[in-house]
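**Student:** So the sequences go chain by chain: A and B. The first sequence maps to residues 68 to 393 in the numbering used here. The second sequence maps to residues 68 to 393 in the numbering used here.
Protein chains: 2
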Amino acid sequence: MRKKGELVSFRQDIKIVDCTLRDGGLVNNFFFTDEFVKDLYKANLKSGIDYMEFGYKADSDLFDRDKFGKWKFCNDDDIRAIIGDNDDGLKISVMADVGRTNFKRDITDKANSPIDMIRVATYIHTIPAALEMVEYCNKKGYETTINIMAISKSNDSDLDDALEIIGQSCVDTIYIVDSYGSIYPEQMRRLADKYIECAEKYNKKIGIHAHNNQQLAFANTIETLTMGVSYLDSTINGMGRGAGNCSTELLLGFLKNPKYHLTPILTFLEEHINKLKDEGIVWGYDIPYMLTGRMNQHPRDAIQFISDKRTDYSSFFHYLYDKDNL
Amino acid sequence: MRKKGELVSFRQDIKIVDCTLRDGGLVNNFFFTDEFVKDLYKANLKSGIDYMEFGYKADSDLFDRDKFGKWKFCNDDDIRAIIGDNDDGLKISVMADVGRTNFKRDITDKANSPIDMIRVATYIHTIPAALEMVEYCNKKGYETTINIMAISKSNDSDLDDALEIIGQSCVDTIYIVDSYGSIYPEQMRRLADKYIECAEKYNKKIGIHAHNNQQLAFANTIETLTMGVSYLDSTINGMGRGAGNCSTELLLGFLKNPKYHLTPILTFLEEHINKLKDEGIVWGYDIPYMLTGRMNQHPRDAIQFISDKRTDYSSFFHYLYDKDNL
Chain A
68 MRKKGELVSF RQDIKIVDCT LRDGGLVNNF FFTDEFVKDL YKANLKSGID YMEFGYKADS
128 DLFDRDKFGK WKFCNDDDIR AIIGDNDDGL KISVMADVGR TNFKRDITDK ANSPIDMIRV
188 ATYIHTIPAA LEMVEYCNKK GYETTINIMA ISKSNDSDLD DALEIIGQSC VDTIYIVDSY
248 GSIYPEQMRR LADKYIECAE KYNKKIGIHA HNNQQLAFAN TIETLTMGVS YLDSTINGMG
308 RGAGNCSTEL LLGFLKNPKY HLTPILTFLE EHINKLKDEG IVWGYDIPYM LTGRMNQHPR
368 DAIQFISDKR TDYSSFFHYL YDKDNL
Chain B
68 MRKKGELVSF RQDIKIVDCT LRDGGLVNNF FFTDEFVKDL YKANLKSGID YMEFGYKADS
128 DLFDRDKFGK WKFCNDDDIR AIIGDNDDGL KISVMADVGR TNFKRDITDK ANSPIDMIRV
188 ATYIHTIPAA LEMVEYCNKK GYETTINIMA ISKSNDSDLD DALEIIGQSC VDTIYIVDSY
248 GSIYPEQMRR LADKYIECAE KYNKKIGIHA HNNQQLAFAN TIETLTMGVS YLDSTINGMG
308 RGAGNCSTEL LLGFLKNPKY HLTPILTFLE EHINKLKDEG IVWGYDIPYM LTGRMNQHPR
368 DAIQFISDKR TDYSSFFHYL YDKDNL
């Protein structure tokens, strides 16, 4: 098994990407208060987090601005209103979905933007469109990533071909994404091995974005980082769609670089996360998400099940099973 | 890395030990209704679980019978009242703590008992006393295990010595126990390697009992089972002290032996676990447990913190830190 670094040492190449607003925004349609966002920014800055993802660069022709908070669209001016001049060491990222972003209109020169990194989320069959976006953003001066989603549904040879094409592009970082929270550590290590091989060949970095359907988001993140994956997505308390993500507090507890500090995240948890939960915002491990994860399915049925306040888990399990098999 | 079996196959040597009553009893002082216990027994039986642990064989001279439910003491007659003659393939276990069990009085011949297996929980420094209990129970006709607790606080050479002594005893199974939920998968694999080496030398089996302080109970369980650990402790919905345990529903989702069935466990979850939670019984991952896990400390301070309804996580973190370092 590949190994980079030791449990008692740290690696300079590790970067934590806070996705609380972006993946958490999928839980509350991005309706975060400015106070929440400002305090999150300060907490990330103080705790040594490397990137903070504000949300999506979604196309306002496709999504109604009244139905979503502003971080679905991430206008440069909205980001600037929170962070000022972005000159303090915490980099800013946004996510741009293939087919849902008017990138030629909404992504301008890096020189005029508070954003540092654009992360392009794609399925395997839309990689040519993703690469067009990456080339565009790269020319505009941004760091770029490609996040290949739903790979647990792809076959090995398609993924090999995809990595080969992406490797030859100008992208900086390629992400392993466990969209359905269905991947076990043993499988995740095999994937990391494949991605790192591509990274070594083409001088790229590898990232991981894990979901917690089977309580494996943190485990999968630290297992692949130990092999050489260096961009680590996390959210505070794992806030994110469905079962959520790798928790920032767990990740900071594991990492040994003295630049990272847990206390600002704990303070943010006290002041903001419990309040969100008290307001009825729900995420995290639950039986329906475990079932979609185990069945390697999109969590949408589980989200609906929970939103309907149903608890007939066994009939839900058989519904998911029949859906795939009948 | 050791490897026994493949992800798509199954191993006959795997045994699931349901600890819902025993570790879950630490949450509610063993006050389970008979209906709960009977339905749990039926659910375990139908789902193919191999052992059901009813609780502790605690010494009633040391613990007040009025302050605990009956599964703190596990009289043979109380077990028999639930399960009848114990002739249906689901084996019964109880836990006996060194120093808290009057084993010569309370553990009788296997021929007269519904119990199949006695699990002796010990610290490293009480292993001679544990071995005395194991020899006694073995002679009475029971299967036995030794569960060495708090090994994350032991040094390697003490653990090596302990395994050597235990290996030479008549015990059937030796358990890796992550008492504080502090052990990462990489460390857990090293431990499993050490225990399995002892097992191969002395013809023993190895088990794992994990805690979920850092959301690693399931990951640590499947990582070590993949290496050859075969006795797997789990509880329904992870019910157990503090952050709880490896969840039975996750484990059944992972295992491929067609004798295991998830549906009876899901039905039990619907009918009983949500009700317990509605009644205010609390367990599972939470920030204070994460902190004691990360600091490699007993969860008692975290349990108190949560019971006091405190949320000042950062001051709690500094309290734990100072406790170990000042």
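Backbone N, C-alpha and C define an ideal beta-carbon position, used for all residues, glycine too. Keep in mind that this is a model prediction, so the values were computed, not measured.
1) Tell me whether CYS313 of chain A is buried or exposed, calling it buried when 16 or more other Cβ atoms sit within 10 Å of its Cβ.
2) Tell me, please, which residues DSSP counts as bridged to LEU93 of chain A.
3) What number of angstroms, rounded off, separates the C-alpha of ASP117 of chain B from the C-alpha of GLY305 of chain A?
4) Tell me which residue opens and which closes the alpha helix (DSSP H) that SER289 of chain B is part of.
5) In the DSSP assignment, the alpha helix (DSSP H) including SER236 of chain A goes from what residue to what residue?
6) Report buried or exposed for LEU129 of chain A, applying the criterion of at least 16 other Cβ atoms within 10 angstroms of its Cβ.
7) Pull up the distance between the alpha-carbon of SER236 of chain B and that of LYS376 of chain B, whole angstroms please.
8) When the distance is taken between beta carbons, is GLU290 of chain B closer than 8 Å to THR293 of chain A?
9) So LEU157 of chain B is in the alpha helix (DSSP H); what residue range does that whole segment cover?
10) Just reading off the beta strand (DSSP E) that ASN392 of chain B is part of, what are its end residues?
11) Rounded to a whole number of angstroms, what is the C-alpha to C-alpha distance between GLY320 of chain B and LEU329 of chain B?
12) According to DSSP, simplified to helix, strand and coil, what is LYS70 of chain A?
13) Closest by CA to THR288 of chain A, which one among A:THR334, A:GLY248, A:PHE135, A:SER76?
14) For chain B, check one thing: does any of its Cβ atoms lie closer than 8 Å to the Cβ of ARG132 of chain A?
15) With a threshold of 6 Å on Cβ separation, who are the neighbours of PHE98 of chain B within its own chain once the five nearest residues in sequence on each side are excluded?
16) If you follow the beta strand (DSSP E) that ASN214 of chain B is part of, which residue opens it and which one closes it?
17) So, with DSSP's three-state summary, where would you put ARG172 of chain B?
18) Quick check: the region 211-230 of chain B against the region 180-192 of chain B, are there 3 or more CB pairs under 8 Å?
19) ASP144 of chain A to ASP173 of chain A, Cα distance in whole Å?
20) So the candidates are B:LYS268, B:TYR269, B:MET255; which of them puts its Cα closest to the Cα of ALA277 of chain B?
21) Pair every Cβ in the region 259-275 of chain B with every Cβ in the region 364-381 of chain A, then say whether three or more of these pairs are closer than 8 Å.
22) Can you tell which of A:GLN282, A:ARG167, A:GLU102 has its C-alpha closest to the C-alpha of HIS352 of chain B?
23) Would you mind stating whether ILE241 of chain B and CYS204 of chain B have Cβ atoms separated by less than 8 Å?
24) Is the separation between the beta-carbon of TYR108 of chain B and that of MET162 of chain B shorter than 8 Å?
25) In terms of DSSP beta bridges, what is ALA163 of chain B paired with?
26) Assuming SER94 of chain A contacts GLY307 of chain A under a Cβ cut-off of 8 Å, what Cβ separation, rounded to an integer in Å, is found between them?
27) Can you check whether the C-beta of PHE285 of chain A is within less than 8 Å of a C-beta belonging to chain B?
28) Taking the C-alpha atoms as reference points, what is the distance between TYR356 of chain A and PHE383 of chain A?
29) Under 8 Å between C-beta atoms, does ILE354 of chain B make it to chain A?
30) I'd like to know if the region 293-303 of chain B and the region 78-86 of chain B are in contact, where contact means that at least 3 CB-CB pairs between them fall below 8 Å.
31) Any Cβ of chain A within less than 8 Å of the Cβ of ILE289 of chain B?
32) In angstroms with no decimal places, state the Cα-to-Cα distance between PHE335 of chain B and LEU112 of chain B.
33) For GLU264 of chain A, does the three-state DSSP call read helix, strand or coil?
34) What is the residue span of the alpha helix (DSSP H) that GLY360 of chain A lies within?
35) When you check each C-beta in the region 85-117 of chain A against every C-beta of chain B, which residues fall closer than 7 Å?
36) At a Cβ cut of 7 Å, what residues of the region 372-383 of chain B count as close to chain A, listed as they run along the chain?
**Tutor:** The relevant details are as follows:
1) buried
2) Per DSSP, none; premise fails for LEU93 of chain A.
3) 34 Å
4) Note on identity: in this sequence residue 289 of chain B is Ile, with Ser being the wrong assignment. It spans 284-294 - the alpha helix (DSSP H) in which ILE289 of chain B sits, taken as one unbroken run.
5) First-last for SER236 of chain A: undefined, no H or E at that position.
6) exposed
7) 46 Å
8) no
9) Element bounds for LEU157 of chain B: n/a, residue is neither H nor E.
10) Element bounds for ASN392 of chain B: not the beta strand (DSSP E) but the alpha helix (DSSP H), 380-392.
11) 7 Å
12) coil
13) A:GLY248
14) no
15) GLY136
16) 210-215
17) helix
18) yes
19) 12 Å
20) B:MET255
21) no
22) What sits at residue 352 of chain B in the sequence shown is Tyr, not His. Closest by alpha carbon: A:GLN282.
23) no
24) no
25) B:VAL187
26) Checking the sequence shown, residue 94 of chain A turns out to be Val, not Ser. About 7 Å separates the two Cβ atoms, so the contact holds.
27) yes
28) 11 Å
29) yes
30) yes
31) yes
32) 12 Å
33) helix
34) 354-361
35) none
36) THR378, ASP379, TYR380, SER381
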